[in-house]
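Q: Before I ask anything, here is the structure I am working with.
2 protein chains.
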Amino acid sequence: MINKESPHKITVHDVAKKAGVSTATVSRVINNSDTVNNDLRIRVQTAINELGYRPNRAAYHLRSGKVKRVGVLFADIRNPFFTSVLAGIENYLHQADYALILGNSDENQKIERMQLQAFLDEGVAGIILSSVVNSSEQYQQVIEAGIPILAIDRVPDNLKVDSISINNIKAAKEATEHLINLGHKDIGFIGGPERISTAKLRKLGYLEALEKIPNSKPTIELGDFAQAGGYQATINLLSAHKDISALLVANNLMTLGALEAIHEKKILIPDQIALVGFDDMPWATSLQPPLTVVSQPTYDMGKIAARLLLDRIHNPDSPIQQVTLETHLVVRESCGGLNRDPFQ
Amino acid sequence: MINKESPHKITVHDVAKKAGVSTATVSRVINNSDTVNNDLRIRVQTAINELGYRPNRAAYHLRSGKVKRVGVLFADIRNPFFTSVLAGIENYLHQADYALILGNSDENQKIERMQLQAFLDEGVAGIILSSVVNSSEQYQQVIEAGIPILAIDRVPDNLKVDSISINNIKAAKEATEHLINLGHKDIGFIGGPERISTAKLRKLGYLEALEKIPNSKPTIELGDFAQAGGYQATINLLSAHKDISALLVANNLMTLGALEAIHEKKILIPDQIALVGFDDMPWATSLQPPLTVVSQPTYDMGKIAARLLLDRIHNPDSPIQQVTLETHLVVRESCGGLNRDPFQ
DNA sequence: AAAAAAGAAGTAATCGTTTACACTGACTTG
DNA sequence: CAAGTCAGTGTAAACGATTACTTCTTTTTT
């Protein structure tokens with residue numbers, strides 16, 4: 024039988040008594056604030072070790088007002104893009120001895136607001152957010168509470184907060200140019216909802232690239248950034264535009280949907296259609312042919328996001344930072360490439 | 024300029040003053056413990072609403088000893104299997120007004136221990152854990168602290184805690200039998216590390232199924248449950264055993280590695296090799312041919328896990344539960360199937 | 001109708017820390 | 001050498017909730 028009596032939680036008083044000092048001194052040793060005589064410091068430290076004392080964070084939080092805890096709120100935690108970012112965030116926060124509170128807004132504005140409220144209740148030092156909506160009102164309450172927000176991936180354009188994102192326009196533009204250089208003239212684009220900044224910008228990049236070829240007519244179908252939406256958008260696009268010879272898909276889940284559609288229509292990659300996806304996901308190399316993709320530095324993005332947020336927490340008045348990371352095109356075999364003449 | 028003066032945090036005292044009652048009464052209304060006169064209750068409620076009062080959780084936690092917070096510690100949060108489970112957990116916890124603290128042990132025993140310690144420091148009401156190691160000592164400290172653990176997916180066999188997992192033996196057995204029924208005699212198996220209970224059990228299921236065919240010789244290669252490991256194991260297996268006509272891969276990331284290997288060796292699916300994977304991941308339907316898989320109810324597994332843990336938290340002395348969920352085989356086209364005679 | 005029990009609300013102690021303030025003795029300084 | 005600093009420590013008051021106890025009122029019981 025396990026003894027259910029709790030073995031008396033060890034508090035700062037126990038440590039103080041054992042070391043023969045006051046609780047104030049113990050606290051000073053722990054937080055190494057002020058200076059404390061070296062002998063005492065050692066006595067306190069050994070007392071802490073011998074007792075296996077661990078400070079109560081709730082009391083610390085209550086008294087000092089400080090928290091070592093940040094909230095991470097994503098629009099879709101099942102999207103492997105966010106998962107990878109999340110892994111980066113987790114890694115950095117853990118090393119900094121911060122706890123990570125996770126929330127999922129499921130692309131739903133109402134849930135997002137509730138989750139933010141929950142973060143405030145729980146008491147977080149800051150929030151990493153991939154926002155669902157482009158309006159700044161949604162975040163007013165958090166900002167008034169003085170909790171810093173770091174916008175990741177999706178950046179509401181009228182919100183003055185730190186942010187980290189990729190150069191979406193350039194990324195889509197480069198991918199499109201790659202297809203143009205391979206000789207494609209009829210390039211389709213499967214985009215996402217306009218309310219999401221990344222979706223809007225990627226479409227812009229596609230359009231910019233297309234402007235360079237004369238008489239080009241953009242062929243765009245918008246999905247919902249999910250697999251089923253990608254499938255449907257691709258079916259629509261391919262049915263309405265038989266002359267399409269290349270396709271750029273603006274996120275990874277929709278790319279999976281596009282693949283389903285392409286296979287269903289028995290169109291061959293890359294011979295009958297060239298395909299470029301977004302995000303270098305684990306499965307990209309397992310496809311036949313392997314997929315050419317716009318690779319985003321997802322893991323690093325997470326690490327940097329966490330670092331930026333902690334910087335902001337420790338330094339609330341420093342100037343706002345908007346970090347943009349570069350993507351790079353990973354050329355595999357889904358565009359053929361090697362057997363076409365790039366200079367034609 | 025935003026007024027940086029914090030607008031005086033509203034406490035239970037403010038509410039009490041506004042409603043003309045004592046703080047005790049306010050507390051009673053909030054926690055609707057004891058009975059309180061209906062007039063007062065209403066007065067307090069309206070005061071709360073008008074002031075926009077939200078209780079301070081740190082103070083609540085400190086005084087009452089209760090927490091609405093659970094820790095989730097996974098071995099690999101980048102594995103989409105866990106991601107999906109995580110989404111289920113998140114959904115349930117959020118609805119129950121619990122916060123989710125996330126940790127990633129990265130298949131590393133030392134990190135796992137540190138993360139558990141961090142959970143204890145942070146103060147969680149319970150922990151959902153996919154353990155890295157099969158030894159119960161790793162978890163002694165948590166158990167002694169009286170924090171309930173719920174083992175998910177991987178269940179250390181000498182640890183007496185609630186658990187939820189799938190019937191791994193049966194799952195692998197059914198998948199193998201499917202291949203046998205299709206006429207395959209030389210079926211390879213790509214497994215995972217023996218220290219992981221799921222890996223061990225799936226191998227067992229494979230072996231059990233194989234016993235039914237006379238003169239069968241198991242062909243097994245073990246990987247690390249990651250993509251690169253799956254690739255290498257498959258290369259090894261296919262190189263050493265040219266007669267293999269079917270392959271069962273014991274987890275989703277290794278399946279991606281296996282696909283790379285198979286494509287690299289220019290072996291055709293399903294004509295030259297039949298393939299069955301574990302976990303019905305989004306990309307399974309996007310492959311050509313679509314992949315036959317053992318489908319695990321990942322999302323529900325997460326929801327049930329969260330429910331079981333909260334049950335345990337609210338009812339510490341109820342008997343331990345070991346829940347096993349059934350999988351089902353999703354037959355697609357990666358085993359051919361339709362053009363082979365199952366009765367040959 | 002007096003005594004006992006129950007019900008409703010308030011008072012103040014408490015949870016485990018940090019920290020403002022007070023105190024001590026030693027060291028500078030003019 | 002008196003007075004002013006200063007570094008090092010202790011005392012006790014916070015932080016914002018819950019809750020054991022007390023107090024007062026009302027109801028029940030005999």
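Chains as they are written, first to last, in this note's numbering: chain P, 24 to 367; chain F, 24 to 367. Beta carbons: idealized from backbone N, C-alpha and C, even for Gly. Computed from a prediction, not measured in an experiment: that's the story for all the values here.
Please confirm whether Asn-85 (chain F) and Ala-47 (chain P) have their CB atoms less than 8 Å apart.
A: Going by the sequence as given, residue 85 (chain F) is Leu instead of Asn. For Leu-85 (chain F) and Ala-47 (chain P), no; Cβs fall outside 8 Å.
Q: Counting only beta-carbon separations shorter than 8 Å, does Arg-330 (chain P) have a partner in chain F?
A: No, Arg-330 (chain P) lies away from the interface with chain F (no Cβ there is under 8 Å from its Cβ).
Q: Beta carbons nearer than 9 Å to chain F: which residues of the segment 302-314 of chain P have them?
A: Per Cβ criterion, the list reads Met-304, Pro-305, Trp-306, Thr-308, Ser-309, Leu-310, Gln-311, Pro-312, Pro-313.
Q: Determine the DSSP secondary structure at Asn-191 (chain F), reduced to helix, strand or coil.
A: DSSP places Asn-191 (chain F) in helix when its eight states are reduced to three.
Q: I need the straight-line Cα distance from Gly-126 (chain P) to Asn-204 (chain P), nearest angstrom please.
A: Their Cα atoms are separated by approximately 42 Å.
Q: Does the CB of His-117 (chain F) have a neighbour CB from chain P at under 8 Å?
A: Closer than 8 Å to some Cβ of chain P, the Cβ of His-117 (chain F) qualifies, so yes.
Q: Roughly how many whole angstroms lie between the Cα atoms of Ile-210 (chain P) and Gly-300 (chain P)?
A: Distance between the alpha carbons of Ile-210 (chain P) and Gly-300 (chain P): 13 Å.
Q: Assuming contact is defined by CB atoms lying nearer than 8 Å, are Ile-189 (chain F) and Val-165 (chain F) in contact in what I supplied?
A: No, Cβ-Cβ distance for Ile-189 (chain F) and Val-165 (chain F) is not below 8 Å.
Q: Gln-161 (chain P) and Arg-136 (chain P) look like a contact to me (Cβ under 8 Å); what is the Cβ gap, rounded to whole Å?
A: The Cβ separation is near 6 Å, so the contact holds.
Q: Which parts of the segment 122-189 of chain P are runs of the alpha helix (DSSP H), unbroken and 4 residues or longer, counting only runs that do not cross its ends?
A: Within the segment 122-189 of chain P, the complete alpha helix (DSSP H) runs of at least 4 residues are 132-145, 163-167.
Q: Alpha carbon to alpha carbon, how far is Asp-129 (chain F) from Phe-97 (chain F)?
A: If I take the Cα positions, the gap works out to 8 Å.
Q: Considering only the beta carbon of each residue, do Arg-66 (chain P) and Ala-42 (chain P) sit closer than 8 Å?
A: In contact: Arg-66 (chain P) and Ala-42 (chain P) (Cβ atoms closer than 8 Å).
Q: Inspect the beta-carbon positions of Ala-273 (chain P) and Arg-225 (chain P) and report whether they are closer than 8 Å.
A: A contact, by the Cβ cut-off of 8 Å.
Q: What residues in its chain sit with their C-beta under 8 Å from that of Pro-241 (chain F), if we drop five residues either side in the sequence?
A: Counting only Cβ-Cβ distances below 8 Å, and skipping sequence neighbours, we find Phe-212, Tyr-229, Leu-230, Leu-233.
Q: Give the secondary structure of Thr-58 (chain F) by DSSP, where H, G and I count as helix, E and B as strand, and everything else as coil.
A: DSSP places Thr-58 (chain F) in coil when its eight states are reduced to three.
Q: Which of helix, strand or coil does DSSP assign to Glu-287 (chain F)?
A: Three-state result, Glu-287 (chain F): helix.
Q: For the alpha helix (DSSP H) containing Glu-356 (chain F), list its first residue and its last residue.
A: Unbroken run through Glu-356 (chain F): none, as it is neither H nor E.
Q: Could you confirm whether any beta carbon from chain F is found closer than 8 Å to the beta carbon of His-36 (chain P)?
A: His-36 (chain P) does not count as touching chain F.
Q: Relative to the C-alpha of Leu-298 (chain F), which residue among F:Ala-269, F:Val-317, F:Lys-288 is closest?
A: Ranking F:Ala-269, F:Val-317, F:Lys-288 by Cα distance to Leu-298 (chain F) puts F:Ala-269 first.
Q: Let me see if you follow: with CB-CB separation under 8 Å, is Ser-56 (chain F) close to chain P or not?
A: Not an interface residue.
Q: Hey, which unbroken runs of the alpha helix (DSSP H) at 4 residues or more fall wholly within the segment 197-253 of chain F?
A: Correct list: 220-233.
Q: From Gly-359 (chain P) to Ala-307 (chain P), what does the alpha carbon distance come to, in whole angstroms?
A: Cα-Cα distance, rounded: 15 Å.
Q: Against chain F, with Cβ distances strictly below 8 Å, would Thr-106 (chain P) count as a contact?
A: Cβ-Cβ to chain F under 8 Å: yes for Thr-106 (chain P).
Q: Listing by chain order, which chain P residues have their CB less than 7 Å from the CB of Arg-77 (chain F)?
A: Per Cβ cutoff of 7 Å: Asp-144.
Q: Mind checking the segment 87-107 of chain P against chain F and listing, in chain order, the residues whose C-beta falls within less than 7 Å of any C-beta there?
A: Those would be Ile-100, Arg-101, Pro-103, Thr-106, Ser-107, in chain order.
Q: Would you list the residues sitting across from Ala-269 (chain P) in a DSSP beta bridge?
A: Looking at the DSSP assignment, Ala-269 (chain P) forms a beta bridge with P:Ile-210, P:Ala-297.
Q: One question on the structure: do Ala-194 (chain F) and Val-353 (chain F) come within less than 8 Å of each other, judged by their Cβ atoms?
A: It is not a contact, given that the beta carbons lie outside the stated cut-off.
Q: Measuring straight from C-alpha to C-alpha, what distance separates Leu-260 (chain F) and Asn-191 (chain F)?
A: Straight-line Cα distance between these residues: approximately 23 Å.
Q: Any contact between the segment 91-106 of chain F and the segment 139-148 of chain F? By contact I mean 3 or more CB pairs, one from each, below 8 Å.
A: Verdict: yes, contact present.
Q: Can you list, in chain order, the residues of its chain with a C-beta nearer than 6 Å to that of Lys-196 (chain F)? Leave out the 5 residues immediately preceding and following it.
A: Excluding sequence neighbours, Lys-196 (chain F) sits near Gly-228, Glu-231, Ala-232.
Q: Just to confirm my understanding: we take Lys-288 (chain F), look at its own chain, exclude 5 residues before and 5 after, and list those with CB closer than 7 Å. What are they?
A: Contacts found: Leu-261.
Q: How would you list, in chain order, the residues of chain F whose beta-carbon sits under 9 Å from the beta-carbon of Arg-136 (chain P)?
A: Near Arg-136 (chain P) there are no residues of chain F at all, since even the closest Cβ is about 13 Å away, more than 9 Å.
Q: Less than 7 Å between C-beta atoms, sequence neighbours within five positions excluded: which residues of the same chain meet that for Val-155 (chain P)?
A: Closer than 7 Å at Cβ, skipping near neighbours: Ala-98, Ser-128, Glu-130, Asn-131, Gln-132, Glu-135.
Q: Which chain P residues sit within Cβ distance under 7 Å of Gly-300 (chain F)?
A: None at all; the shortest Cβ gap to chain P is about 11 Å.
Q: Kindly list, in the order they appear in chain F, the residues whose Cβ is closer than 8 Å to that of Asn-127 (chain P).
A: Within chain F, the residues near Asn-127 (chain P) are Ala-110, Glu-113, Asn-114, His-117.
Q: Just verifying my parser: in three-state terms, what is the DSSP assignment at Thr-46 (chain F)?
A: Of the three classes helix, strand and coil, the one that applies to Thr-46 (chain F) here is helix, per DSSP.
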